[in-house]
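In the working numbering, the protein residues as written are 59 to 334. Using N, Cα and C, we set each Cβ at its ideal position, and we do this for glycine too. On a predicted model such as this, the values are computed, not experimentally measured, just so you know.
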Amino acid sequence: MPPIADNVFLLSTLILSACGWLIAFVGACVFRRGLSGGAWWIIIYELLLVMGTGFVLLTNTFSQYRLVMLTFLATSIAMVTSQLDYALPTTKFVAQYKAGAGAYAAGYIILIVIQFLWVLVFGSEADSYFGKYAPKYYGNIVGIVAPHHQPLQAQQSSQPQYEMTGDKTILTDSAAPYGTAYHTTSPTAHPATAIVEPNNNNMPTEPTALNQQQIEYREKVQALHAYQANPEDPNELSFAKGEMLDIVDRNGNWWQARKPDGTVGIIPSNYFGASA
């Protein structure tokens, strides 16, 4: 089920915007002799905007296209306002166009009210009053686990240690020795940490600094916005606006990061700016 199904505000405004466009389109067909070619382009633009907004909300890509949506909404509000400025006086002074112009104006009034609400919600920070109505969308699901989504817990394997990269893919670290791989802590708390011990009975069973591979976090970044991790992906990290995190590098759209409490996971790159 798409996340929009749980957001009554977004679902209702999306349906109302589609109804508003349909009313405006029917009114334009009745009012066609009083409309110029530019007015028909605005009708097509509004249809594409409603469809595009619905596509973004239904496909879980709001965070990627948020700024694009705000730009198109701002343009739409200006164009719809100009059409209302033309249609409303027509309903009063031109009797033959009264019905069509009235429906045309009514549909655009519905659209412009909803678009103002969308600008307030989409343009607000997640921790603001209006921001809480924005879609709580997450990144794609990925897990640093063995095949079939099983945690790496004391399984005999000749495969090397896994390391997560910024684009949410998994690469093998050829430098890791063969042996028994297991997590020192829960997979949720440290999804990218594993310890490898050689199969040698004379070696101590406890991990040592010689056989433990450490990932170096070279850069510290500060969150520009708050982010709620996907509950279905234990590797994503939640963070507050202004929180400082350490990252391995800036490769890809997702970065491997470590929080101040030592929790390791992945974070979306577009929520962070330059180095802190």
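- The region 269-289 makes contact with the region 297-306; the number of CB pairs closer than 8 angstroms reaches 3 or more.
- Per DSSP, reduced to three states, the secondary structure at leucine 131 is helical.
- Here DSSP, grouped into helix, strand and coil, assigns isoleucine 273 to coil.
- Taken atom to atom, the span from the alpha-carbon of alanine 145 to that of alanine 159 is near 6 angstroms.
- Here DSSP, grouped into helix, strand and coil, assigns glutamate 183 to coil.
- The three-state reading of DSSP puts aspartate 319 in coil, since its state is none of H, G, I, E or B.
- Threonine 111 sits buried, since 16 or more C-beta atoms from the chains shown fall within 10 Å of its C-beta.
- The DSSP assignment places no complete run of the beta strand (DSSP E) inside the region 66-140 (cut-off: 3 residues).
- Your pair threonine 149 and isoleucine 170 does not check out as a contact, with CB atoms roughly 16 angstroms apart and the cut at 8 angstroms.
- Under DSSP, tryptophan 176 forms no beta bridge with any residue.
- Counting the other Cβ atoms within 10 Å of the Cβ of glutamine 272 gives fewer than 16, which makes it exposed.
- For aspartate 64, there is no enclosing beta strand (DSSP E), as DSSP marks it with neither H nor E.
- Inter-segment contact for the region 80-96 and the region 126-136 is absent: fewer than three beta-carbon pairs are separated by less than 8 angstroms.
- Rounded to whole angstroms, the Cβ separation of leucine 72 and leucine 115 is 7 angstroms, and the two are in contact under 8 angstroms.
- When the five nearest sequence neighbours on each side are left out, the beta carbons in the same chain lying within less than 8 angstroms of the beta carbon of tyrosine 123 are those of Val114, in order along the chain.
- In terms of Cβ geometry, phenylalanine 67 and tyrosine 191 form a close pair [threshold 7 angstroms].
- In the three-state scheme derived from DSSP, where H, G and I count as helix and E and B as strand, alanine 145 is classed as helix.
- For the pair isoleucine 100 and glycine 320, the Cα-to-Cα distance works out to about 53 angstroms.
- Judged by beta-carbon spacing, leucine 142 lies beyond the 7 angstroms limit of tyrosine 103, meaning their Cβ atoms are not closer than that value.
- Within the DSSP bridge table, the entry for valine 279 names Leu303 and Ser333 as partners.
- In this structure, the beta-carbon distance from asparagine 309 to serine 327 does not fall below 7 angstroms.
- In the DSSP secondary-structure assignment, proline 326 is bridged to Trp312.
- When the alpha-carbon of lysine 278 is set against those of Asn293, Ala76 and Phe330, the nearest one is in Phe330.
- At least 7 angstroms separates the beta-carbon of asparagine 293 from that of isoleucine 325.
- Under the 10 Å beta carbon count, leucine 106 is surrounded by fewer than 16 other beta carbons and is classified as exposed.
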